[in-house]
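Presented below is the structure to which this report refers.
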Amino acid sequence: MKAIWIGISLFFLAPATLFAQKKNKKEIETPISDPDSSGIVSDKLLPTTSPLLLFDEQSKKEKKKKKKKKEKKNIYFGEKTRKARTKQVLKDQIQYTLFNYTTQDKDPDPYIRDIYWYDSKEKIIRTKNFDASKGVLLHGPYEKIIGDITVEKGMFYFGTKHGIWMSFDSKSVLLDKGHYNGGWRKDSRTSYYDANNKVIEKMTPMEYDLMEGNYFHFYENGQVAVVGEYQYGEKVGLWTEYWDTKNTQAIRKREIQYQEKAFTKNARPYIRAEWDKDGNLIYRNNLISNQ
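The sequence shown lines up with residues -20 to -1, 1 to 271 when you count with mature numbering (1 follows the signal peptide of the UniProt record, and there is no 0).
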């Protein structure tokens, strides 16, 4: 009976962390090195870097100049690039990755989940945590070859997938064909506050009719309100809500932890931490942090 009672108690504990636990918010001891001690975060989330969905117009201009660009070697989207390649042996087959890159010092779009860059020290292509001191952004044509078969082909724009991307099986049969605009699939949904479609409200990433990638909700002044990630239509990882500070600084309001991977059994979301409008920590799930 004791074991059954403990199980029942734990069952009701997770929902309570999401919707209650307000009484103990002031009873928090915050170490100096605690990353939750302040809700104030990087100003990269302020509207100075809000997403600019201008690729359609840009594509039209590029098509008009297509012939001129073909005459100039390794210049893509007006940017001079260099060629490179990687080589790996997988299951007794040689895999080549051919790509172009730019050495221009450009911060990647913070709203795009996957930023492709070449780690010059490890000599591999990464999609997370771009560091300009360790590598360069992919920019221009990309092709992955296994044996003598092309299995993936597309174009990059400062580390993001752009234009038409195709993948093939070992018999060169087309498996997938996707259209991208600066890292966003063309079928992604964008809603606006205004009739002129200039003030973005929500950006919902879509892939094959499922939500896939980084999700953003903005205040009407352009500041980020909510940011999170979807996998196969399900919320995953840490979702963060922000206070509306009228574009003065980015301050976290609340963080909700979801399953780390989609379709995780028995996973329940819970509030990880909350902050007031000044960035002071008012609640943290100590049960989770002490595990």
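Glycine is no exception: its CB is placed at the ideal position from the N, C-alpha and C atoms. If you're wondering where the values come from, they're calculated on a predicted model, not measured in any experiment.
query                                                                                                        : result
Beta strand (DSSP E) runs contained entirely in the region 73 to 147, provided each spans 3 or more residues : 73 to 82, 97 to 99, 104 to 106, 115 to 126 and 129 to 137
Extent of the continuous beta strand (DSSP E) run through Thr61                                              : Careful: Thr61 lies outside any beta strand (DSSP E) and carries neither H nor E.
Backbone secondary structure at Asn266 - three-state DSSP                                                    : helix
Span separating the alpha-carbon of Asp111 from that of Asp85                                                : 11 Å
Among Lys114, Lys157 and His197, nearest to Val179 - alpha-carbon criterion                                  : His197
Within 8 Å, strictly: CB atoms of Glu240 and Thr220                                                          : no
Thr228 to Gln68 span [Cα, whole Å]                                                                           : 48 Å
First through last residue of the beta strand (DSSP E) which encompasses Val206                              : Val204 to Gln211
Whether Ala253 touches Tyr238 by CB criterion (8 Å)                                                          : no
Range covered by the beta strand (DSSP E) that runs through Trp219                                           : Glu214 to Tyr222
Assigned exposure category for Phe136 - 16 Cβ within 10 Å defines buried                                     : buried
Simplified DSSP assignment, three categories, for Thr184                                                     : strand
DSSP state of Arg248 mapped onto helix, strand, coil                                                         : coil
Cβ shell of Tyr172 (< 8 Å), same chain only, five flanking positions each side left out                      : Lys178, Val179, Ile180 and Glu181
Whole-Å CB distance - Gly58 paired with Ile95, under 8 Å assumed                                             : That pair is no contact at about 20 Å.
Straight-line gap, Asp224 to Ala205 (C-alpha atoms, nearest Å)                                               : 7 Å
Those residues which DSSP pairs with Gly158 across a bridge                                                  : Trp145
Of the residues Lys257, Tyr195 and Gly19, the one placed nearest Tyr212, counting alpha carbons only         : Tyr195
Bridge-paired residues (DSSP) for Ala175                                                                     : DSSP lists no partner for Ala175.
Whole-angstrom C-beta distance between Gly19 and Arg93, which should lie under 8 Å                           : In fact, because the Cβ distance is near 23 Å, the residues do not count as touching under 8 Å.
Spatial distance of Lys124 from Ala247 (CA atoms)                                                            : 36 Å
Glu192 (DSSP reduced to helix, strand or coil)                                                               : coil
Opening and closing residue of the beta strand (DSSP E) in which Lys240 lies                                 : Note that residue 240 is Glu in the sequence shown, not Lys. It is not in any beta strand (DSSP E) - Glu240 carries neither H nor E in the DSSP assignment.
For Val153, the residue or residues it bridges with in DSSP                                                  : Note: Val153 sits in no beta bridge, so no partner.
Through-space distance from Val216 to Arg169, alpha-carbon basis                                             : 19 Å
Nearest residue (CA-CA) to residue 273, options Ala64, Glu132, Ile126 and Tyr91                              : No information on residue 273 is available, as it lies outside the stretch -20 to 271 that the chain covers here.
Three-way DSSP call (helix, strand, coil) for Asn260 in this model                                           : strand
Rounded C-alpha distance that separates Lys60 from Glu200                                                    : 37 Å
Of the listed residues Thr184, His159 and Val131, nearest to Tyr76 (C-alpha basis)                           : Val131
Nearest-angstrom Cβ-Cβ length linking Glu209 and Ala242, presumed shorter than 8 Å                           : Not really, about 10 Å apart at Cβ, beyond 8 Å.
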